[in-house]
Amino acid sequence: MKKLGKEFYKRNTLEVARELLGKYLIHEHEGNKLIGKIVEVEAYMGVEDKAAHSYGGRRTERTAVMYKEGGYAYVFQIYGMYYCVNVVTSEKEIPQAVLIRALEPVEGLDAMSENRYNKEYEELTNYQKKNLTNGPGKLCIAMNIDKELNGEDLCKEKLYILDNKEKFDIITSKRINIDYAEEAKDYPWRFYIKDNKYISKK
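Converting from the sequence shown to this note's numbering requires adding 311 to each position, the first position being numbered 1.
Below, the structure is given as structure tokens:
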């Protein structure tokens, strides 16, 4: 499998979002290679998207990475305790990104399980296995992704995405938990792999 290059990310954000599905997110950490297949994403379209952190051209220390060219990680904290990882997209000064909402665990399962539950993977119940990475905060805990990776170049060796050719049906829906975003809460910018058991919400 080939690592995705900058040109993949520096395109239309909605196209990138759909094409991220089925790709492999990898975090190499403390000798472990943690791998999850991307099964659910949401696109955030920047200046004109009331759900985006960069809506209206907002630029803060936190959102600065969104203004870079595509191909960087944007990691932010929610509720003061959980991290979310996004893929910065489009061209420089166009602050758009794709939130990775859910992964299907592929490799490094024991390490992911220790991170989430302090147990080995085989000790988990079926419910715990299903919940290992089926949400943006959950997957960051399992994959050991935190603010230290904010601004990480996705074309380097620590956090990156591998291409993967696979056929599946894609479901499109409204984004989740953004009721504050007025009309933007109804935009159909969430995409997920049909019938995958690891998506966060049907």
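Where a beta carbon is used, it is the ideal one built from N, C-alpha and C, also for glycine.
Enclosing alpha helix (DSSP H) for residue i [first to last residue]
i	result
Lys317	Lys317 to Tyr320
Ala328	Thr324 to Leu331
Pro406	Looking at the DSSP string, Pro406 is not in any alpha helix (DSSP H), and its letter there is neither H nor E.
Three-state secondary structure assigned by DSSP to residue i
i	result
Asn503	Reading off the sequence, residue 503 comes out as Tyr, not Asn. DSSP places Tyr503 in strand when its eight states are reduced to three.
Ile456	coil
Ala363	coil
Lys440	helix
Asn445	coil
Cys395	strand
Val496	Just to set this straight, residue 496 is Lys in the shown sequence, not Val. Looking at Lys496 - three-state DSSP - the assignment turns out to be helix.
Leu473	strand
Tyr432	helix
Asp464	strand
Exposed unless 16 or more other CB atoms sit within 10 angstroms - verdict on residue i
i	result
Glu341	exposed
Gly316	exposed
Pro499	exposed
Close Cβ partners of residue i (< 8 Å) along its chain, the five nearest in sequence each way excluded
i	result
Ile489	Ala362, Ala495 and Lys496
Lys313	Leu473 and Asp474
Residue closest to residue i, alpha-carbon to alpha-carbon, out of the options
i	options	result
Pro447	Tyr320, Glu351 and Gly333	Glu351
Tyr383	Glu468, Leu443 and Arg329	Glu468
Met392	Ser511, Lys449 and Arg373	Lys449
Cys466	Thr374, Val398 and Asn426	Val398
Tyr355	Tyr509, Ile510, Ser511 and Ala492	Ala492
Leu410	Phe387, Asn442 and Tyr509	Phe387
Close beta carbons around residue i, own chain, < 6 Å, minus the five adjacent residues each side
i	result
Gly333	Asn475 and Glu477
His364	Thr374
Tyr385	Val376, Met377, Asn397, Val399 and Ala408
Span of the beta strand (DSSP E), counted from its first residue to its last, around residue i
i	result
Glu425	That residue, Glu425, is in no beta strand (DSSP E); its alpha helix (DSSP H) goes Leu420 to Tyr428.
Thr483	Ile481 to Ser484
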